[in-house]
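*Asks:* One structure is given below, represented as structure tokens, and several questions about it will come after.
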Amino acid sequence: MVVSSLQHFFTEYYIDPIVHGASYNPVNTLTWGILLGIAIFGVLKLLEKLRIEVNQRFIITALPYMLVGSTLRVMEDADIFAPPIKYLFITPLIFFLIAAVCIVILLALTELRKMGKIGEVGIHFLYLGAGWEILSLFALLSTQEITKLWVLPAVLGISTPIAIAIYLIARRFDIMWIKGVNAVIIWAHLFEATSTFIGVDFLGYGEKHVMSAFMIDWSGTGAVMYPLKILIILPILYIIDRHLSDEPKTGNLAKLAILMLGLAPGLRNMLRMMLGI
């Protein structure tokens, strides 16, 4: 009875949402959040062991891998992958897959550096990620046709001016922590908010995340994502800068995760809409 109940629980809250592409639920949302926190701690310890500095430059070198994750996720949306392989490319499993690949690449590059074959690890990490993203995009676009090109300028044309306005307002009132990577993170989440707004309000897409779906259902518009993002992201960034200033590696890795949670789904949303998937 206990085994059967546990099996039913895991199937309902974890397996079915992945296999059937269902919406998130409070149980798996909390679980994935806890696992993300544990993963951040584990990755931090590994990077320290590899003597890789977790700074803003490292965040930049990791950007292509976020784009790869989004591109592969859209390839799964387009049914390019067949079961059971396709399940690896469904959120949140794809986040852990990309993280695992990044770790393998960093381990290999670190060994090559020790052997004197390469110099700086970061630049090679960036190049490999960029090359992977180019190949992934080529594979996606070679099988799918762009049907709504207007989505690209629409998403960028709305999110970018809002991000710039927030940056300028911050400068006006001497809010000096809204700069650099923090400003990029704010833009990334506004980018994701805009992709959700356009998808929900104009193209008939739905929202799967628990809080976002609740707010959209309550307000009747995807535009509610703008205040929701601002009210969540700004305090989090402030807390990180204020309370983790003595632990920059932890703070930067947390920012990398927050950037990923905005940029990756935003790019996926935009690509899906452009391709009509």
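Heads up: the sequence shown runs through residues -2 to 274, numbered per this note's numbering.
C-beta: ideal position from N, C-alpha, C; glycine also.
1) Determine the burial state of PHE86: buried for a count of at least 16 other Cβ atoms within 10 Å of its Cβ, exposed for fewer.
2) Below 6 Å CB to CB, which residues in the same chain sit around ALA259 once its five sequence neighbours on both sides are set aside?
3) If contacts are defined as beta-carbon pairs under 8 Å, then ILE182 and ILE236 qualify, I think. What distance do you get, rounded to the angstrom?
4) How is SER139 classed by DSSP in three states: helix, strand or coil?
5) Would you say LEU123 and THR58 are within 9 Å of each other, going by their C-beta atoms?
6) For the alpha helix (DSSP H) containing GLU9, name the first residue and the last one.
7) Which one of THR157, THR140, ILE95, LEU146 has the shortest CA to CA distance from TRP129?
8) Quick one: residues in its chain with C-beta nearer than 7 Å to the C-beta of GLY263, no 5 flanking neighbours on either side, listed in chain order?
9) Do GLY119 and PHE78 come within 9 Å of each other at the CB atom, strictly closer than that value?
10) Taking the CB atoms as reference points, tell me whether LYS246 and GLU45 lie closer together than 9 Å.
11) Starting from ILE182 and walking both ways along the alpha helix (DSSP H), at which residues does that stretch end?
12) Near LYS252, which residues of its chain fall below 7 Å by C-beta distance, leaving aside the five closest residues on each side in sequence?
13) Taking the alpha carbon of TYR223 as the point to measure from, which residue in MET267, ILE155, PHE199 has its own alpha carbon closest?
14) Give the range of the alpha helix (DSSP H) segment to which ARG169 is assigned.
15) Please list the terminal residues of the continuous alpha helix (DSSP H) segment that includes TYR84.
16) What residue ranges within the stretch 84 to 141 form continuous alpha helix (DSSP H) runs of no fewer than 4 residues, ordered along the chain?
17) Could you name the residues of the same chain whose beta carbon sits closer than 6 Å to that of PRO232, not counting the 5 residues immediately before and after it, in chain order?
18) Give a yes or no on contact between the stretch 193 to 211 and the stretch 10 to 30, applying the rule of three or more CB pairs nearer than 8 Å.
19) What residue range is occupied by the uninterrupted alpha helix (DSSP H) comprising ARG239?
20) Examine the Cβ distances between the stretch 26 to 35 and the stretch 103 to 113 and report whether three or more of them are shorter than 8 Å.
21) Going by DSSP in three states, HIS206 sits in which element: helix, strand or coil?
22) Give the C-beta separation of VAL40 and LEU241 to the nearest angstrom, bearing in mind that I take them to be a contact with Cβ-Cβ under 8 Å.
23) If you draw a straight line from the C-alpha of GLY217 to the C-alpha of ALA160, how long is it?
24) Any idea if ILE35 is buried or exposed, counting beta-carbon neighbours within 10 angstroms, 16 or more meaning buried?
25) Under DSSP, the alpha helix (DSSP H) around ILE35 begins and ends at which residues?
26) Is it the case that the Cβ atoms of LEU272 and ILE143 are separated by a distance below 9 Å?
*Replies:* Well, looking at it:
1) The residue you call residue 86 lines up with position 89 of the sequence shown. Answer is buried; the Cβ neighbour count reaches 16.
2) By one-based count along the sequence shown, residue 259 stands at place 262. In the sequence as presented, Ala is not what sits at residue 259; that position holds Gly. Correct list, in chain order: ALA185, HIS186, GLU189.
3) Sequence index remark: in the sequence shown, residue 182 carries index 185 (1-based). Sequence index remark: in the sequence shown, residue 236 carries index 239 (1-based). Incorrect: roughly 13 Å between the Cβ atoms, too far for contact.
4) Within the sequence shown, residue 139 is the residue found at index 142, counting from 1. DSSP, reduced to helix, strand and coil, places SER139 outside both helices and strands of the structure shown, so it counts as coil.
5) Locating residue 123 in the sequence shown gives position 126, counting from the first residue. Locating residue 58 in the sequence shown gives position 61, counting from the first residue. It is a contact, given that the beta carbons lie within the stated cut-off.
6) Position 12 of the sequence shown, counting from 1, holds the residue named residue 9. That residue, GLU9, is in no alpha helix (DSSP H); it is neither H nor E in DSSP.
7) In the sequence shown, residue 129 corresponds to position 132, counting from 1. Among THR157, THR140, ILE95, LEU146, the Cα nearest to that of TRP129 is on ILE95.
8) For the purposes of this step, residue 263 is taken as the residue at position 266 of the sequence shown. Around GLY263: ALA185, PHE188, GLU189, SER192.
9) As a working mapping, residue 78 is identified with position 81 in the sequence shown. As a working mapping, residue 119 is identified with position 122 in the sequence shown. No, they are not a contact pair.
10) For the purposes of this step, residue 246 is taken as residue 249 along the sequence shown, with counting starting at 1. For the purposes of this step, residue 45 is taken as residue 48 along the sequence shown, with counting starting at 1. Closer than 9 Å, so yes.
11) In the sequence shown, the residue the question calls residue 182 occupies position 185. 177 to 199 is the span of the alpha helix (DSSP H), which, as asked, contains ILE182.
12) Position 255 of the sequence shown holds residue 252. ILE56, VAL178, ILE182, ILE237, listed in sequence order.
13) The residue given as residue 223 occupies position 226 in the sequence shown. For the residues MET267, ILE155, PHE199, the minimum Cα distance to TYR223 belongs to ILE155.
14) Here the question's residue 169 lines up with position 172 in the sequence shown. From DSSP, the alpha helix (DSSP H) with ARG169 extends over 148 to 169.
15) In the sequence shown, the residue the question calls residue 84 occupies position 87. Here TYR84 belongs to no alpha helix (DSSP H), and DSSP marks it neither H nor E.
16) 90 to 111, 118 to 138
17) Within the sequence shown, numbered from 1, the residue matching residue 232 stands at position 235. Cβ neighbours of PRO232 beyond the five flanking positions: none.
18) yes
19) Within the sequence shown, the letter at position 242 stands for residue 239. Per DSSP, ARG239 belongs to the alpha helix (DSSP H) from 222 to 240.
20) The stretch 26 to 35, when compared against the stretch 103 to 113, does not touch it at the 8 Å Cβ threshold.
21) In the sequence shown, residue 206 corresponds to position 209, counting from 1. Of the three classes helix, strand and coil, the one that applies to HIS206 here is coil, per DSSP.
22) Along the sequence shown, read from residue 1 onward, the residue named residue 40 stands at position 43. Along the sequence shown, read from residue 1 onward, the residue named residue 241 stands at position 244. Actually they do not touch by this definition, with Cβ atoms about 16 Å apart.
23) Locating residue 217 in the sequence shown gives position 220, where the first residue counts as 1. Locating residue 160 in the sequence shown gives position 163, where the first residue counts as 1. Going by the C-alpha atoms only, they are around 24 Å apart.
24) Looking up residue 35 in the sequence shown gives position 38. With fewer than 16 other Cβ atoms within 10 Å, it is exposed.
25) On the sequence shown, position 38 is the one that residue 35 refers to. Here the alpha helix (DSSP H) through ILE35 covers 23 to 46.
26) As a working mapping, residue 272 is identified with position 275 in the sequence shown. As a working mapping, residue 143 is identified with position 146 in the sequence shown. Contact: yes.
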